[in-house]
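Residue numbering for the sequence shown follows this note's numbering, starting at 1304 and increasing by one per position.
Quick reminder that beta carbons are idealized off the backbone N, C-alpha and C, glycines included.
Written below as C-alpha cells is the structure these notes are about.
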Amino acid sequence: MSTYGELIQALKVLKNIKEKRHGIKSLSSLCANRAFQLRIVQRGGWKDAILPLIISLDDDCRKYAALAIANLSTATPAHQQLLEEEVLRHLAPILQSEEVQEVIIYVLNALGNFATSECMWPALQELGVVKHVAGFINTDREEILINALFCLANMTGDPFERAWMMENGTYRQVWQHMTENRNLRVMQYALALLRGLAVEPEAQEILPRLGLVPHLVGIFTSMAATGFLKTLVLDIFLHLSFRSSNADMMLQPNVMAVIEQAARGDANLEYIPVGVAIIANLCENIQMHDLIISSPLYEIVQGLVQNDNTAIQVHVIRAMMHLALSPKYHHVLLATGVMANVCPIAMTNRLTVEMRANALQMMGAVCAT
C-alpha cells in the first residue's frame, strides 16, 4: 500500500487516467485518517496533486479530488494553511457548473466545514459562496439539499452571512422544508440553520410569525426527536426569549411546558442551564412578572436558589434580579433565602462581572423597600 507521500508525488506526474483515478481514490481515503490529515497539508505538495483534478474532465477524478478536500476540511488546525493555498478559490466555482451529484455534495460538505473557522469568513464573503450554496435549497436531490443546509447552517456563524440570508429570505425557503419535508436529517439541518439565524433580532420577530413555535414544541415533545434536535429547539427558544415582545407567546401553556421540562432536567440534566436562562430572559419583561410568579417557572427558580452549579446559578441570580424590579414581590423573593447567596456572589472575584453586578443590583432593589 502506498503512503500519502508516494501518492502525492505520483499524482503530480501520472498521465494515464486510470492510474490517476486509482491514485486519487487511495489518497482521498488516507485524507480521511485524522492521524494523517495535518501531515498531508503541512508536508506540502497536496495542492499540486489534488486541486488540478478537481477540474478534471474525468468524473471519477473530480469526485475523489472533491472527497479528498472534504476529508481534509475536517482538520480544523489545517484551515489556515488551506486558506493560504487558495483552496476556496478552487472550490467555489464548482458550485456554478458541476453536474455530478457526488462532487457537489463533497464540495458543499468541505465549504460547510471551512465555514466553522473565522479565518475563512472574508474569503467566503469575497467569493459570494453563500449565494451559490443557497441556490441548492430548492433542489429535489435530497443529499445535495442536506449538505447545502449543513453548509448554510455553519455559515450563520458569520454575521455578514446571517445578514445576507435574512435580507434574501433564505429563512422562508428553509421554513418550507421544515413544514413539507419529513426526512429527519433535512429537518435537523434546517433547524440548525434557523437556530443560527435566530441570533438576529429581525429573525426573533419574523420566525414566530411564520408559525415556527408550534413546530418547535412538537419536535421537543416527540418521542422520535433526538437529543440534538431538542438542543436546537431549546437554543431557538433561548434566542426568541431575548425579544421582550415574545414573552407573551413564550408563556403560553404549550411553550411553558417545554421550558419547564428543560429547566427541571426531566429529559436531560444538560438542558437545565438553557431552561433557566430562558426563564431569566422572560423575567426581564416586568409586565409578565405576575404571570411568572404564579407559574411553575418561578417554582423552578426558587428550587434552584441553593444550587451550587455556577452555570445554573448565574441565571437564577439574573432572574431574581429582574423580578426584584417589582417591589410587590420582594417579600416573596426574600422568603426563598436567596439573599444569603447574594453577598458572597458579589464578593467572589472568580465569578463573572455580570453575575456579581446582577447580585448587587438585586440587593439594591430589595433594600430600597
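Check whether the Cβ atoms of residue i and residue j sit closer than 8 angstroms, and answer yes or no.
| i | j | result |
| --- | --- | --- |
| L1600 | M1553 | no |
| V1619 | V1604 | yes |
| A1668 | A1627 | yes |
| A1352 | I1311 | yes |
| Y1632 | I1581 | no |
| V1608 | N1557 | no |
| L1496 | V1516 | no |
| R1621 | A1570 | no |
| I1407 | E1401 | yes |
| I1539 | V1579 | no |
| P1623 | V1641 | According to the sequence as given, residue 1623 is Met; it is not Pro. Contact: yes. |
Can you look up residue i in the DSSP assignment and give me helix, strand or coil?
| i | result |
| --- | --- |
| M1304 | At M1304 the pLDDT is 46, less than 50, meaning the model places this residue with poor confidence; the figure from the coordinates comes in the next sentence. Coil, per DSSP. |
| V1410 | helix |
| Q1605 | helix |
| Q1555 | coil |
| L1628 | coil |
| V1669 | helix |
| Q1491 | helix |
| K1318 | coil |
| D1569 | coil |
| G1326 | helix |
| T1379 | helix |
| E1587 | coil |
| R1485 | coil |
| T1613 | helix |
| N1457 | helix |
| V1641 | coil |
| R1653 | coil |
| A1662 | helix |
Among the options, which one has its Cα closest to the Cα of residue i?
| i | options | result |
| --- | --- | --- |
| D1443 | P1576, N1416, W1424 and H1480 | H1480 |
| Q1507 | L1543, R1465 and E1445 | L1543 |
| L1513 | G1472, G1530 and T1534 | G1472 |
| A1373 | I1357, E1387, D1361 and D1362 | I1357 |
| V1344 | V1477, L1375, S1629 and D1363 | L1375 |
| L1354 | I1539, R1392, I1449 and L1411 | R1392 |
| W1349 | A1495, Y1474, T1306 and D1362 | T1306 |
| S1420 | A1395, Y1474 and N1457 | N1457 |
| E1464 | G1499, E1445, L1654 and F1531 | G1499 |
| I1589 | Y1474, E1387, H1625 and L1448 | H1625 |
| H1325 | I1449, R1346, I1397 and K1366 | K1366 |
Residue i to residue j, Cα distance in whole Å?
| i | j | result |
| --- | --- | --- |
| L1370 | G1460 | 24 angstroms |
| M1304 | A1451 | The pLDDT assigned to M1304 is 46, lower than 50, so where the model puts this residue is not dependable; a value taken from the coordinates is nonetheless given after this. Answer to the nearest angstrom: the Cα atoms are 35 angstroms apart. |
| R1567 | E1505 | 30 angstroms |
| V1617 | L1541 | 15 angstroms |
| T1529 | L1314 | 43 angstroms |
| S1434 | A1381 | According to the sequence displayed, residue 1434 carries Lys and not Ser. If you take the alpha carbons of K1434 and A1381, they lie about 25 angstroms apart. |
| D1593 | V1390 | 57 angstroms |
| S1525 | L1535 | 14 angstroms |
| T1377 | A1368 | 15 angstroms |
| N1661 | I1522 | 34 angstroms |
| L1487 | N1441 | 17 angstroms |
| I1648 | C1586 | 20 angstroms |
| S1548 | A1501 | 15 angstroms |
Whole alpha helix (DSSP H) runs in the segment 1496-1548 with 4 or more residues, listed along the chain?
1504-1513, 1515-1524 and 1530-1543
Uninterrupted alpha helix (DSSP H) stretches inside the segment 1387-1451 (no shorter than 4 residues):
1390-1394, 1397-1400, 1404-1417, 1424-1429 and 1432-1437
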